[in-house]
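Residue numbering for the sequence shown follows our numbering, starting at 83 and increasing by one per position. The C-beta atom is built at its ideal place from N, Cα and C for all residues, glycine as well.
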Amino acid sequence: MDYLGEHLFPGQLGHFLIILSFIASLVATVAYIRSAIAKTDEDALSWRKIARTAFVVDLVSVTVTFGIIYYLISNHYFEYYYAWNHSDKSLSTGYLLASIWEGQEGSFLLWAFWHGVLGVILMRTAKKWEAPVMAIVSIAQVYMATMVLGLHFGDIKIGSSPFVLSRYINPVFMDMPNYLTLPVFQDGNGLNQLLQNYWMQIHPPIIFLGYASFIVPFAYAVAALWRNVHSTWTKQVIPWVLFAAAIHGLGIMMGARWAYESLNFGGYWAWDPVENASMVPWLVIVAGLHTILIYNSTGHSLRSSYLFMLLGFPLILYSNYLTKSGDLADTSVHAFTSLGLNWQLRIGVLLFFIPAMALFAKKYKQIPFIAKEENTYSREFWMFIGSLVLFLTSLFIIVFTSLPVINKIINTNFNIGTDVEFFYNRIVVFVGIVLGVLTAVSQFLKYKNTDKSAFWKKLLIPTLISLLISGAISMWGNVTYDTYGLGYLAAIHLAIFAGVYAAVGNAGYIWTGLKGKLKVAGASVGHVGFGLFLVGILISASKKEILSINRINPLNFGEGNKITGTGLENLTLYQGVRNDMGEYYATYVADSSINDGRKIYFEILMEAKDGSDKFTLYPDLMRNTKGDQGISNNPDARHYWNRDIFSYINHSSKLQEGEDTAKFVTNLVRPGDTIFYSNGFMTLDRVTLNPNNERYKFTDKDTAIMADLTVHSSNGRKLKANPVYHLKNNQVKYTIDT
């Protein structure tokens with residue numbers, strides 16, 4: 083049967099290129115292995131040429147495949163399910179590109195693309211390490227290619243292809259040659275409204291570059307164990323470890339910024355399981371960075387360095403599994419729904435974890451080590467302690483993040499309770515204290531041994547300055563964490579000291595120890611940043627103040643929200659009516675809609691009561707077109723150097739369900755009773771039978787009841803209302819007073 087309007091060639095070419103990528107990466111793997119084990123230089127060079135050619139073919143195939151998907155999406159070829167499901171005609175160029183990695187298939191291709199780019203760089207820089215290192219990178223490319231193959235062998239599905247036709251997804255269209263003329267295919271399902279944010283165009287490419295970068299330290303560690311060359315790989319891998327830590331850390335920070343701007347968590351970090359899983363490999367790679375520095379300077383900690391490098395990439399794959407398997411769908415706002423490839427995701431984790439750990443165990447005794455313990459007054463001793471703390475922290479986080487997976491495996495129902503943030507914060511705050519202090523003092527220690535008296539003298543001034551600064555912050559900074567008791571509050575103030583100590587101590591070391599030479603002060607500058615970052619987190623997290631608290635309503639009305647979990651911050655704004663909102667007055671000025679009403683913007687005028695500030699915010703409501711996710715809100719913010727003011731529109735579940743939000747609610751009351759509503763309260767003063775006044779002219783022959791109500795609104799206005807219920811001509815009638 084011929085189908086009208088289909089463009090089949092791009093999809094056929096794309097599928098061919100995916101298969102070519104798979105074959106080319108296999109050839110590259112075999113050729114690089116043969117080059118690594120070759121007996122002669124001539125054989126090694128011959129196999130290396132084949133491997134390089136195959137790897138470049140793989141990279142070109144992935145890149146062109148990526149381009150074909152963009153071509154399908156940008157031309158709105160909705161006969162392809164991927165284009166229909168992830169885009170629509172209203173998207174701008176940036177969002178059309180971002181819609182590629184909204185889906186799992188596109189994200190795997192993005193990951194494979196970055197592997198290819200890093201592999202080409204390794205070809206030019208790895209030199210004698212190229213063959214064994216690139217053999218591991220090529221294996222990773224084979225795995226990435228399998229995730230988008232889209233081949234079926236009976237009930238077994240290998241990968242998910244982005245070039246599947248829509249009529250194959252829904253067989254009802256198979257017997258309809260003109261199915262593309264149906265209304266459903268006149269536009270796509272669209273990019274998820276929650277993802278239509280400029281960060282969607284920036285954050286995923288960076289985070290997947292971070293993911294990809296972890297393969298290089300892993301490959302170097304495997305190659306060193308494989309070839310029994312333990313003395314030189316650590317110097318070769320240092321730039322790659324720094325790159326992986328920096329890029330992946332940048333990706334995490336971008337995600338935190340995105341969360342902060344969209345208030346998905348009520349802030350920049352809320353220990354969401356997917357974010358936790360991304361942070362764990364970063365903690366491990368940072369721990370490994372420090373142990374490698376120890377080994378390069380003293381010969382200690384080589385075994386630890388191997389372990390941390392070997393764990394990094396499998397943890398990245400495990401993070402990917404948690405994100406895409408659907409196991410965290412009920413506990414994370416980031417998790418994908420499952421594509422039915424969980425077995426393949428699990429194999430990917432095990433493929434790199436088990437052989438690496440087996441090789442490490444086999445070669446463990448051959449790895450050089452120094453039997454003599456490090457001096458406690460040496461830099462390497464405390465650097466190792468810091469690395470160990472990072473590693474143990476990563477274990478703590480990943481174990482409890484994995485509880486949904488553990489529950490499925492052993493059929494249990496373990497959980498960490500409802501207060502997720504406090505569960506993690508009560509442990510991590512002590513990690514911050516330890517790392518802050520270690521970061522401050524370790525720079526003043528020398529490798530191998532340090533003069534004790536000189537060490538303590540150098541610490542005296544930074545310690546006193548840090549005590550003064552942190553004391554001032556604690557005394558006058560209004561740092562409030564008293565919800566969980568004095569013990570937790572004390573830990574917070576100790577952490578503030580530790581952060582200040584890290585910043586002051588390292589800044590002091592730059593000028594006293596390094597004589598102000600910033601070119602060699604990279605580590606100290608980084609540690610200053612860490613200290614300031616720690617202090618910033620502790621202060622900002624305690625400064626969350628709600629301006630819109632419904633102070634006139636002592637009860638908890640309205641739906642739960644992102645910040646307080648209650649309805650007390652919900653104020654009803656009437657158009658043109660100024661409302662009291664903390665230090666500001668807020669006025670709902672106007673609204674407008676775009677995209678056929680899918681997004682509604684609200685113009686909110688904010689005016690400082692003292693007249694010092696005046697600005698307009700434009701929060702919006704979005705009706706999500708994908709799935710049953712209903713309506714979501716997107717805040718707007720006014721940014722200052724020391725604070726941000728956010729505003730977002732809350733909505734009733736009845737709005738989401740499409741119900742009438744103007745329905746009356748029945749309340750049973752007596753004279754003197756009070757009824758609360760979203761914008762204030764009203765009191766029933768008295769009930770009058772057959773009222774006879776300027777407005778109502780009832781007599782004793784009538785049957786009428788008038789309620790005398792006093793209405794108090796949140797803006798301080800007091801109004802009188804007199805609705806009436808009466809019988810006339812055997813019919814019940816109401817007279818509404820508004």
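Going by beta carbon distance, what residues of the same chain come within less than 7 Å of residue i, once the five residues before and after it are set aside?
| i | result |
| --- | --- |
| Gly664 | Leu629 |
| Ile574 | Val511, Val561, Tyr563 and Leu620 |
| Ile398 | Tyr293, Phe296 and Pro363 |
| Ser675 | Lys681 and Ile682 |
| Met83 | Pro259 |
| Thr770 | Met788 and Asp790 |
| Ser220 | Ser107, Ala110, Thr111, Tyr114 and Phe137 |
On the three-state DSSP scale, how would you describe residue i?
| i | result |
| --- | --- |
| Asp819 | coil |
| Leu108 | helix |
| Phe296 | coil |
| His794 | strand |
| Met83 | coil |
| Asn167 | helix |
| Lys779 | strand |
| Asp726 | strand |
| Lys681 | strand |
| Leu423 | coil |
| Thr483 | helix |
| Arg309 | helix |
| His89 | coil |
| Ile283 | It should be pointed out that residue 283 corresponds to Gln in this sequence rather than to Ile. The answer is helix: DSSP assigns Gln283 an H, G or I state. |
| Lys528 | coil |
| Asp755 | coil |
| Glu184 | coil |
| Phe160 | coil |
| His808 | strand |
| Gln278 | coil |
| Asn716 | strand |
| Val519 | helix |
| Lys406 | helix |
| Asp692 | coil |
| His382 | coil |
| Leu629 | coil |
| Leu433 | helix |
| Pro446 | Here residue 446 turns out to be Tyr, not Pro, going by the sequence shown. The answer is helix: DSSP assigns Tyr446 an H, G or I state. |
| Phe325 | helix |
| Ser675 | strand |
Excluding the 5 residues preceding and the 5 following residue i in the sequence, name in chain order all residues of the same chain whose CB lies nearer than 8 Å to its CB.
| i | result |
| --- | --- |
| Trp308 | Ala118, Pro214 and Leu441 |
| Gly198 | Phe137, Asp140, Leu141, Val144, Thr145 and Gln223 |
| Ala352 | Ala341, Val502 and Glu503 |
| Glu627 | Gly664 |
| Tyr446 | Arg385 |
| Asn749 | Ile757 |
I believe residue i touches residue j by the beta-carbon criterion, under 8 Å. Please report the beta-carbon distance rounded to the nearest angstrom.
| i | j | result |
| --- | --- | --- |
| Gly559 | Ile515 | About 18 Å; that fails the 8 Å criterion. |
| Met391 | Ala303 | 4 Å |
| Glu462 | Thr380 | 5 Å |
| Pro396 | Val431 | 6 Å |
| Leu699 | Asp673 | Incorrect: roughly 12 Å between the Cβ atoms, too far for contact. |
| Val230 | Ser248 | About 18 Å separates the two Cβ atoms, so there is no contact after all. |
| Leu191 | Phe148 | 5 Å |
| Ile830 | Ala217 | Only positions 83 to 820 of the chain appear in the structure, and residue 830 is not among them; the question remains open. |
| Ile47 | Phe496 | Because the chain here runs from 83 to 820, residue 47 falls outside it and cannot be looked at. |
| Asn310 | Gln525 | At roughly 35 Å, the Cβ-Cβ gap does not stay under 8 Å, so Asn310 and Gln525 are not in contact. |
| Met282 | Ala180 | 5 Å |
| Tyr583 | Ala522 | 4 Å |
| Pro355 | Leu404 | 7 Å |
Among the residues of its own chain, which have a CB less than 6 Å from the CB of residue i, if the five just before and after it don't count?
| i | result |
| --- | --- |
| Ala585 | Val610, Gly613 and Leu614 |
| Thr669 | Arg660 and Leu687 |
| Val109 | Ala136 |
| Ala369 | Phe390, Ser469, Leu472 and Phe473 |
task = Pair every Cβ in the region 519-535 with every Cβ in the region 549-560, then say whether three or more of these pairs are closer than 8 Å.
result = no
key: the region 121-130 / the region 271-288 touching (three or more Cβ pairs under 8 Å)   = no
ask   = Taking one C-beta from the region 137-151 and one from the region 96-107 each time, how about it: are there three or more such pairs within less than 8 Å?
value = yes
ask   = Where in the region 193-253 do unbroken runs of the beta strand (DSSP E), each at least 3 residues long, occur, reported from the N-terminal end onward?
value = 233-235 and 238-240
Continuous beta strand (DSSP E) assignments of at least 3 residues falling wholly in the region 105-157 = none
key: At least three beta-carbon pairs within less than 8 Å, the region 354-362 to the region 319-327   = no
ask   = Can at least three beta-carbon pairs, one atom from the region 150-162 and one from the region 257-270, be found at a separation below 8 Å?
value = yes
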